[in-house]
Amino acid sequence: MSDRSLRGMRLGAQSMETESGVEPAPRQRVEYRCADGEQVFVMFSAEAEIPATWTSKTGKEALLVNGEAPDTSNDKPVRTHWDMLLERRSIPELETILADRLTILREKRGEKV
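Take 1 as the starting number for the sequence shown in full-length UniProt numbering and just add one per residue.
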């Protein structure tokens, strides 16, 4: 018995189904190009909505070749926390508040003011 080996398939490792009669979903190859000339090719489904921009593997933004330029006219400028703070307070007010807070902090630490 020891000289005979058991033969068979590993459980769950391989499928018994064949690829015959199976057709992949229709696809389309889309080309994007970065500002420096780098080409990016992406495969999409035939029914997919193609985005106007794509981020390449190098992190650059690429635009769709032979497509419409993305509409960026409606983009609002980014408001930072500083911009929103300046809408509520003036610079002299902020300097006064900072001085008051530093005084309170120094008193808590036991430092002389």
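Ideal placement from N, C-alpha and C gives every residue a C-beta, glycine not left out.
{"query": "Would you check if there are 3 or more beta carbon pairs closer than 8 Å linking the region 32-41 to the region 60-79?", "result": "yes"}
{"query": "For a test of the three-state rule: what should DSSP assign to Met16, helix, strand or coil?", "result": "coil"}
{"query": "What does the alpha-carbon distance come out to for the pair Thr53 and Val78?", "result": "20 Å"}
{"query": "For Thr103, does the three-state DSSP call read helix, strand or coil?", "result": "helix"}
{"query": "Using the three-state DSSP reduction, which class does Glu111 fall into: helix, strand or coil?", "result": "coil"}
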